[in-house]
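Peer 1:
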Amino acid sequence: GAGVSQSPRYKVAKRGQDVALRCDPISGHVSLFWYQQALGQGPEFLTYFQNEAQLDKSGLPSDRFFAERPEGSVSTLKIQRTQQEDSAVYLCASSLGGGRARNEQFFGPGTRLTVL
Amino acid sequence: AQKVTQAQTEISVVEKEDVTLDCVYETRDTTYYLFWYKQPPSGELVFLIRRNSFDEQNEISGRYSWNFQKSTSSFNFTITASQVVDSAVYFCALSEAMGNTPLVFGKGTRLSVIA
Chain A
142 GAGVSQSPRY KVAKRGQDVA LRCDPISGHV SLFWYQQALG QGPEFLTYFQ
192 NEAQLDKSGL PSDRFFAERP EGSVSTLKIQ RTQQEDSAVY LCASSLGGGR
242 ARNEQFFGPG TRLTVL
Chain B
-16 AQKVTQAQTE ISVVEKEDVT LDCVYETRDT TYYLFWYKQP PSGELVFLIR
34 RNSFDEQNEI SGRYSWNFQK STSSFNFTIT ASQVVDSAVY FCALSEAMGN
84 TPLVFGKGTR LSVIA
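If you want it as structure tokens, here you go:
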């Protein structure tokens, strides 16, 4: 399909494990966002890329969280030494970017991470 | 700082009733965008509408309508003649107008439409 895809859809990790979550944005979309959605809450911003440049990582909750987008398309969110409080749905969104007037963010289905 | 408040946590209506979801926002920006997203049980956020702060004209799209009132910092969403398929969590969100900026979401309102 032509939408944003994320993998895996579900991930169960033991506390202390490292995890990597993948996002494939819509082809041609310059901007890519990661959000964290805890149960019963709205999504909260983690980090933002424009092409391969990470322009804002102010929302990353700790230095255990790391994101990259080396070629300006696929992005990976890595969480090291997972903790129970990291359990959430991680959402990826992409938009055309480039200052275009219509800049809606299109969201992927999310990865539900459960840390035991 | 930007903030979005959706005071209604859960709403339950009977099919064919009209329902309004409230959204109140706070921002110091004079130019900003407001959004509504729908999150069905599948989890994917579906974009419904975007409004910019200069356009207070109300909008209607089928059974959906939006009432933007700058004077009360509100951007309410009404579903007319609700259907079971409208059951979902609805999020109101706010962003700065310049460039690509993150969305600030409310906590969402869970709407249940009962047949």
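From first to last, the protein sequence lines stand for chains A and B.
The opening position of the first sequence corresponds to residue 142 in this note's numbering, with each subsequent residue numbered one higher.
The opening position of the second sequence corresponds to residue -16 in this note's numbering, with each subsequent residue numbered one higher.
Glycine included, C-beta positions come from ideal geometry on N, C-alpha and C.
1. Would a C-beta distance cut-off of 8 Å place Phe186(A) and Pro85(B) closer than the cut-off?
2. Can you list, in chain order, the residues of its chain with a C-beta nearer than 7 Å to that of Glu0(B)? Leave out the 5 residues immediately preceding and following it.
3. Check whether the Cβ of Gln191(A) lies closer than 8 Å to any Cβ atom in chain B.
4. Using C-beta distances below 6 Å, list every residue in its chain close to Gln(-15)(B), excluding the 5 sequence neighbours before and after it, in chain order.
5. Here's a check: name, in chain order, each residue in its chain whose Cβ is nearer than 6 Å to the Cβ of Gly157(A), leaving out the five neighbours to either side.
6. Could you compute how far the alpha carbon of Glu79(B) sits from the alpha carbon of Thr13(B)?
7. If we ignore side chains and look at the alpha-carbon of each, how far apart do Gln22(B) and Ser(-5)(B) end up?
8. Given a cut-off of 8 Å, decide if Ile62(B) and Val(-3)(B) are closer than it, judged by their beta-carbon atoms.
9. Apart from the five residues on each side of it in sequence, which residues of its chain come closer than 6 Å, Cβ to Cβ, to Leu4(B)?
Peer 2: Put simply:
1. As a first step, residue 186(A) must be located in the first sequence, where it is residue number 45. As a first step, residue 85(B) must be located in the second sequence, where it is residue number 102. For Phe186(A) and Pro85(B), yes; Cβs fall inside 8 Å.
2. Your numbering for residue 0(B) matches position 17 in the second sequence. Closer than 7 Å at Cβ, skipping near neighbours: Ser65.
3. What you label residue 191(A) is simply residue 50 of the first sequence in a count that begins at 1. So, interface residue.
4. In the second sequence, counting from the first residue as 1, residue -15(B) sits at position 2. If we look at Gln(-15)(B) and ignore the five residues flanking it on each side, its Cβ neighbours are Thr10, Leu77 and Val87.
5. Within the first sequence, numbered from 1, the residue matching residue 157(A) stands at position 16. Excluding positions up to five away in sequence, the list reads Arg222.
6. Translated into the one-based positions of the second sequence, residue 79(B) becomes position 96. Translated into the one-based positions of the second sequence, residue 13(B) becomes position 30. Cα to Cα, the separation comes out at about 9 Å.
7. Translated into the one-based positions of the second sequence, residue 22(B) becomes position 39. Translated into the one-based positions of the second sequence, residue -5(B) becomes position 12. Whole-angstrom Cα-Cα distance: 16 Å.
8. Against the second sequence, residue -3(B) aligns to sequence position 14. Against the second sequence, residue 62(B) aligns to sequence position 79. No, the pair does not count as a contact, with Cβ atoms beyond the cut-off.
9. Taking the second sequence and counting its residues from 1, the one referred to as residue 4(B) is at position 21. Phe60, Tyr73 and Thr92, listed in sequence order.
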